[in-house]
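Here the structure is laid out as structure tokens; the discussion comes afterwards.
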Amino acid sequence: VFTRMIRSLTATELSWIIRIILKDLKLGVSEKTILKSYHVDAVEYYYVCSDLKQLVETLNDPSKRYLTNALQIFQPFKPMLADREEFEKVIELMSNEEFYIETKLDGERIQLHKNGDEYKYWSRNGTDYTFLYGATKTDGSLTKKIHELFNDKVENAILDGEMVVMDENKGEILPFGTLKTAALNDSEDSVHPYFIIFDILLINGKCLIDDTLDERKRLIHKVVSEKKNWLEFVNFSKGKTLQDVSNALDLAV
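Under UniProt numbering, think of the first position of the sequence shown as 1, with each following residue one higher.
Below, the structure is given as structure tokens:
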């Protein structure tokens, strides 16, 4: 099919196909601008579904509003990335309010979806990595190790975290580039995937994105237990001042 399509294209059309594949359109406009031109609710919808086909089919009438912030099990969402700011600017923006300081990890942002005994793993860009980590409680390099850690009352959940590689022999996290190799080797426990959770976004069908981070952090401990070097909660501290940030950095180095 692809060969027939390529042969039927003009040189200009082919150049655009290549740009799309390489994600290098060089249009001078952002993803948000294009989505907004299609539908006023397209940006918000894309963040909770990450599926352009579904977006186009659902928002097919520009005169109708579609307002939702509800996440769904087995429907990957697009997480919002934080802007880089100077520490002084962060302190100013927080207006003396307490904030979280979390350890930056050398891994891949992963969202874990659990529904009963079924699991799905997606990257922040919506790439499905379930084949690496395991779709059920009996397979994969990670799922079979963590399924038993979930509270029996948890029917479904969405966890947000970082997937890294743990070397048990060295007792340290390995560079990000070794993640895929470690994930594919589900017979070796000495070097393996290690999921570090920093948020929970859905529990038993209830979307939690309107809850405070404090509330969600407390809830995580009721949903799943930790297993050293396999599934743990991210290290964090709380602070209000520039000195608090500096102290956290000193501890992380």
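Glycine included, each C-beta is placed from N, C-alpha and C at the ideal position.
- One thing to note: L9 has its Cβ within 8 Å of the Cβ of I17.
- Scanning the segment 54 to 137 from its first residue to its last, the whole beta strand (DSSP E) runs of 3-plus residues come out as 99 to 102, 108 to 115, 118 to 123.
- Counting C-beta pairs closer than 8 Å gives three or more between the segment 225 to 237 and the segment 185 to 200, which meets the contact rule.
- Inter-segment contact for the segment 46 to 58 and the segment 133 to 140 is absent: fewer than three beta-carbon pairs are separated by less than 8 Å.
- Less than 8 Å divides the Cβ of L59 from the Cβ of D41.
- With a minimum length of 3 residues, the unbroken runs of beta strand (DSSP E) contained wholly in the UniProt domain "ATP-dependent DNA ligase family profile" (186 to 253) fall at 191 to 203, 231 to 233, 236 to 239.
- Selection D244, N169, L149 evaluated against Y100 yields D244 as nearest (Cα-Cα).
- By the CB criterion at 8 Å, I220 and L71 fall outside the cutoff.
- Closest option to K53, judged by alpha-carbon separation, among R124, T212, L35: L35.
- For V164, the closest of K206, F150, L179 by C-alpha to C-alpha distance is L179.
- The Cβ atoms of N115 and I173 do not sit closer than 8 Å to each other.
- In this structure, DSSP gives E172 an extended state, which the three-state scheme calls strand.
- Bounds of any beta strand (DSSP E) do not take in V43; it lies within the alpha helix (DSSP H) bounded by 42 to 49.
- Taking 8 Å as the cut-off, the beta carbon of A157 is found closer than this to the beta carbon of I200.
- Rounded to the nearest angstrom, the gap between the Cα atoms of V90 and F176 is 28 Å.
- If you draw a straight line from the Cα of L184 to the Cα of K64, it is about 45 Å long.
- When the alpha-carbon of T143 is set against those of Y38, T241, A11, K227, the nearest one is in K227.
- Restricting attention to K78, L22, I20, the CA atom closest to the CA of V43 is found in K78.
- Unbroken alpha helix (DSSP H) stretches of 4 residues or longer found wholly inside the segment 3 to 29: 11 to 22, given in chain order.
- Taking the C-beta atoms as reference points, E108 is found no nearer than 8 Å to E31.
- Under the DSSP assignment, L142 falls outside any alpha helix (DSSP H); it carries neither an H nor an E label.
- Rounded to the nearest whole angstrom, the CA to CA distance from D24 to E148 is 43 Å.
- Taking the Cα positions, Y129 is about 38 Å away from E97.
- Judged by DSSP secondary structure, L159 falls within the beta strand (DSSP E) whose first and last residues are 156 to 167.
- Excluding sequence positions up to five before and after P76, its CB lies within less than 6 Å of the CB of S50, W122, G126, all in the same chain and listed in chain order.
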